[in-house]
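This report concerns only the one structure given below.
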Amino acid sequence: MKIEENDFVTEAEAGTYAHKTVTASLADLNEATSQTLRPLVEFVEAAVNSDKLANADLQVSDEDILVQLQTSIINLPLAYGKNIHKIMVGDGEVDVNVYMIIAAPEINRSKLRIDELMAAEQLVKDPDQALSQFTDWLEAQLTTLAENQQATAEEAD
1 MKIEENDFVT EAEAGTYAHK TVTASLADLN EATSQTLRPL VEFVEAAVNS
51 DKLANADLQV SDEDILVQLQ TSIINLPLAY GKNIHKIMVG DGEVDVNVYM
101 IIAAPEINRS KLRIDELMAA EQLVKDPDQA LSQFTDWLEA QLTTLAENQQ
151 ATAEEAD
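Sequential numbering from 1 applies to the sequence shown in the UniProt record's numbering.
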């Protein structure tokens, strides 16, 4: 999937991309990570098949954790749409990629981690591989988050 850089900036700033939110408990996310993430991958796959930008959110119901799967041309959350135009360089038509994002107070100092999953076209070609990589990534992030929370709790004692 490709998009004109200016069209991307317009959609990101206006928030007119496809959006879906699902909710799960941290226990459900830890016990069935792949199952819990599947609706996000399926939503993004459907959006890419329709040539639409997408943002799929997983809000953890009992913790301050937000997991996102987004299509973008830059590793910056779509929520920062108002700032994206400031760093664009006028490249014309560019590839759309899929990014994995976790936002949580203790994930790191910036409270946000974003990594590229794969090209949007690749997700459509192999959604099972995308789900597997997304699952592995999130499990690693949840481990990091738990370790950071433990370290913070020990420092408080």
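Even glycine gets a Cβ: it sits at the ideal position worked out from N, Cα and C.
All of these numbers come straight from a predicted model, not from anything done at the bench.
Endpoints, the beta strand (DSSP E) within which residue i is located
| i | result |
| --- | --- |
| residue 160 | No information on residue 160 is available, as it lies outside the stretch 1 to 157 that the chain covers here. |
Exposure label - residue i; buried when at least 16 CB within 10 Å
| i | result |
| --- | --- |
| V67 | buried |
| E45 | buried |
| I101 | buried |
| Q35 | exposed |
| N6 | exposed |
| V60 | buried |
| T71 | buried |
| N75 | exposed |
Boundaries (first-last residue) of the alpha helix (DSSP H) holding residue i
| i | result |
| --- | --- |
| A56 | A56 -> not in any alpha helix (DSSP H); beta strand (DSSP E) instead, spanning A54 to V60. |
| K82 | G81 to I84 |
| P77 | Premise fails: P77 is in no alpha helix (DSSP H) and is neither H nor E. |
| D136 | P127 to A156 |
| V89 | That residue, V89, is in no alpha helix (DSSP H); it is neither H nor E in DSSP. |
| A47 | T33 to N49 |
Which residues DSSP lists as bridging residue i, in chain order
| i | result |
| --- | --- |
| N97 | S72 and A119 |
| L112 | A103 |
| H19 | N55 |
| A24 | V60 |
| I3 | V94 |
Residues of its chain near residue i, where Cβ-Cβ distance is below 8 Å and the 5 sequence neighbours each way are ignored
| i | result |
| --- | --- |
| A14 | G81 |
Presumed contact (8 Å Cβ cut-off) between residue i and residue j, rounded CB distance
| i | j | result |
| --- | --- | --- |
| L123 | V48 | 6 Å |
| V9 | I84 | 6 Å |
| L117 | Q133 | 6 Å |
Cβ shell of residue i (< 7 Å), same chain only, five flanking positions each side left out
| i | result |
| --- | --- |
| T152 | E106 |
| K2 | E93, V94, D95 and V96 |
Own chain, CB closer than 6 Å to residue i, minus 5 neighbours either side, in chain order
| i | result |
| --- | --- |
| D62 | S25 and L26 |
| K52 | A18 |
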